[in-house]
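Asker:
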Amino acid sequence: MSKQTQSLVPLPLPDNVTQVHAQLLQWYEAEQRNLPWRTTSDPYAILVSEIMLQQTQVDRVLPKYQQFLAAFPTLADLAKAPTAEVISVWVPLGYNTRAVRLQSIARQVIAEYNGRIPDTIDELLKLKGIGRYTAGAIACFAYHKQVATVDTNIRRVLHRIFLGLEVGSRQTEQPINDAQMLLLAEQVLPEGEAYNWNQALMDLGATICTSNNPECTRCPLQNTCQAYTEMSQYSLFPSGTVFRQLKKVAEKKSSYQSQPFTSTNRYFRGRIIDLLRTLSIGQRMPLAELGPRIKTEYSTDDAAWLQQIVTGLARDGLLDYTEEGVRLP
DNA sequence: AAGTCGGGGCC
DNA sequence: GGCCCAGACTT
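Using the UniProt record's numbering, the letters of the first sequence correspond one by one to residues 1 to 329.
#1: Cα-Cα, which of Q54, A185, L279, R218 is closest to P14?
#2: Whole angstroms is fine: what's the gap from D151's alpha carbon to R218's?
#3: Which of the three DSSP states, helix, strand or coil, is assigned to D157?
#4: Under the rule that 16 or more other beta-carbon atoms within 10 Å means buried, what is I281, buried or exposed?
#5: Buried or exposed: which applies to G136, given that a residue is buried once 16 or more other Cβ atoms fall within 10 Å of its Cβ?
#6: What do you reckon, are the CB atoms on L201 and I154 nearer than 8 angstroms?
#7: Pick helix, strand or coil for L267, following the three-state DSSP scheme.
#8: If you compare alpha carbons, which of V167, I272, I161 is closest to T229?
#9: Is it a yes or a no for the stretch 14-26 touching the stretch 196-214, going by three-plus beta-carbon pairs under 8 angstroms?
#10: Beta-carbon separation of R277 and L328 under 8 angstroms?
#11: Taking C-alpha atoms, which residue in E166, A79, T134 lies nearest to L53?
#12: Rounded to whole angstroms, what is the Cα-Cα separation between W90 and V310?
#13: Identify whether residue 332 lies in helix, strand or coil by the three-state DSSP scheme.
#14: Mind checking which residues open and close the beta strand (DSSP E) that includes Y321?
#15: Taking 8 angstroms as the threshold (C-beta atoms), are I294 and I87 in contact?
#16: Using a 10 Å radius around the Cβ and a threshold of 16 neighbouring Cβ atoms, would you call P220 buried or exposed?
#17: With a cut-off of 8 angstroms on the beta carbons, I'd call Y28 and D203 a contact; round off their distance for me.
#18: Just the C-alpha distance for E289 and R266, rounded to the nearest angstrom, thanks.
#19: What are the boundary residues of the alpha helix (DSSP H) that includes R101?
#20: By how many angstroms is the C-alpha of R269 removed from the C-alpha of D42?
#21: What's the C-alpha gap between R116 and C209?
#22: Which residues does DSSP list as the beta-bridge partners of M285?
#23: Go ahead and label N96 buried or exposed: buried means 16 or more other beta carbons lie within 10 angstroms of its beta carbon, across all protein chains shown.
#24: Within this structure, are the beta carbons of L102 and A148 separated by less than 8 angstroms?
#25: Taking all protein chains shown into account, do 16 or more other C-beta atoms lie within 10 angstroms of the C-beta of T261, making it buried, or fewer, making it exposed?
#26: State the Cα-Cα distance for the pair A227 and I138, rounded to the nearest angstrom.
#27: T224: buried (16+ other C-beta within 10 angstroms of its C-beta) or exposed?
#28: Where A76 and N114 are concerned, what is the direct C-alpha to C-alpha distance, given to the nearest angstrom?
#29: Rounded to the nearest angstrom, what separates T74 and T300 at their Cα positions?
#30: Between Q187 and the rest of its own chain, which residues show a CB-CB distance below 6 angstroms, the 5 nearest in sequence each way excluded?
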């Protein structure tokens with residue numbers, strides 16, 4: 001049996017799952033965060049929120065979510081807008097290709113789905129920019145499908161509740177893979193409560209069961225949580241120190257950053273987009289002018305370097321590059 | 001499996 | 001300063 005096949009064998013269903021359902025759903029009913037994408041039934045608005053929330057914290061998304069929907073109130077508005085405008089509104093959320101892909105999704109839905117965002121995971125996965133998490137989130141949160149989905153919060157919370165500490169425990173010396181975690185999420189999905197359950201897991205992960213500094217004393221699942229039980233057994237008092245120490249033991253640290261961020265391609269890509277969004281519509285900037293504007297002590301020796309970055313941005317659909325210069329697409 | 005892609009907030 | 005974040009895509 002291959003390792004991959006073996007790893008997909010379902011784990012035994014935890015015996016505390018019914019109690020966990022009741023505790024977490026009750027906690028969510030009382031303590032849930034008031035988030036605007038939870039009070040809309042517009043699949044488009046939920047799509048916008050889910051793309052924005054990829055690798056971006058809720059507090060940073062909140063204002064931009066409102067601004068974006070004010071600028072592009074409907075899917076059709078987004079589809080027909082100039083891409084340059086979409087990219088400009090997106091700043092400074094980061095991962096700017098998300099803006100290009102979001103508009104691409106809107107245009108594809110208009111052209112191929114009669115303007116209705118798909119409601120199944122399989123169809124959603126066909127749209128570039130929507131992976132398994134976002135597909136599940138849209139199916140569940142926009143259409144109330146009873147599906148499991150796994151993001152970084154849900155992965156951490158489910159692991160701690162049902163499997164124990166992510167690192168350092170005897171039971172789970174290696175973190176389980178994505179497919180295994182999705183299977184677990186599907187096994188413990190409470191009947192008919194997918195929406196509240198998935199939202200509740202993310203709320204708990206974002207506010208109490210955080211990565212490095214969980215507040216177990218405030219947790220509604222303290223008496224049923226496997227990780228909390230392990231910490232008690234090992235006489236580890238739940239604290240940020242414990243989790244940071246465990247992570248260090250696991251040698252998970254990706255080691256040294258060979259260069260400062262302000263000398264990375266990432267940094268200069270951001271600088272270029274931020275500069276181009278200040279130009280008037282259609283205006284191009286020659287590379288010879290762009291270089292000194294984004295890099296101090298820019299010299300002609302940097303021309304090849306700059307062209308490489310610009311080519312990469314053009315390939316990602318983030319700018320329009322000709323002999324005359326560059327501009328947003 | 002490992003790299004790439006942003007940027008702001010928090011410790 | 002390092003780590004974190006409602007991930008997805010490419011190689």
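The beta carbon of each residue, even a glycine, is placed where N, CA and C say it ideally should be.
Answerer: Looking at the atomic coordinates:
#1: A185
#2: 22 angstroms
#3: As written in the sequence, residue 157 is Val, which differs from the Asp given in the question. In this structure, V157 counts as helix in the three-state DSSP scheme.
#4: exposed
#5: buried
#6: yes
#7: The amino acid occupying residue 267 in the given sequence is Tyr; Leu does not appear at that position. Of the three classes helix, strand and coil, the one that applies to Y267 here is helix, per DSSP.
#8: I161
#9: yes
#10: yes
#11: T134
#12: 19 angstroms
#13: Lying outside 1 to 329, the shown extent of the chain, residue 332 is not represented and no answer is given.
#14: 320-322
#15: no
#16: buried
#17: 6 angstroms
#18: 20 angstroms
#19: 97-112
#20: 33 angstroms
#21: 36 angstroms
#22: V326
#23: buried
#24: no
#25: According to the sequence shown, residue 261 is Phe rather than Thr. F261 should be labelled exposed.
#26: 30 angstroms
#27: buried
#28: 11 angstroms
#29: 45 angstroms
#30: L13
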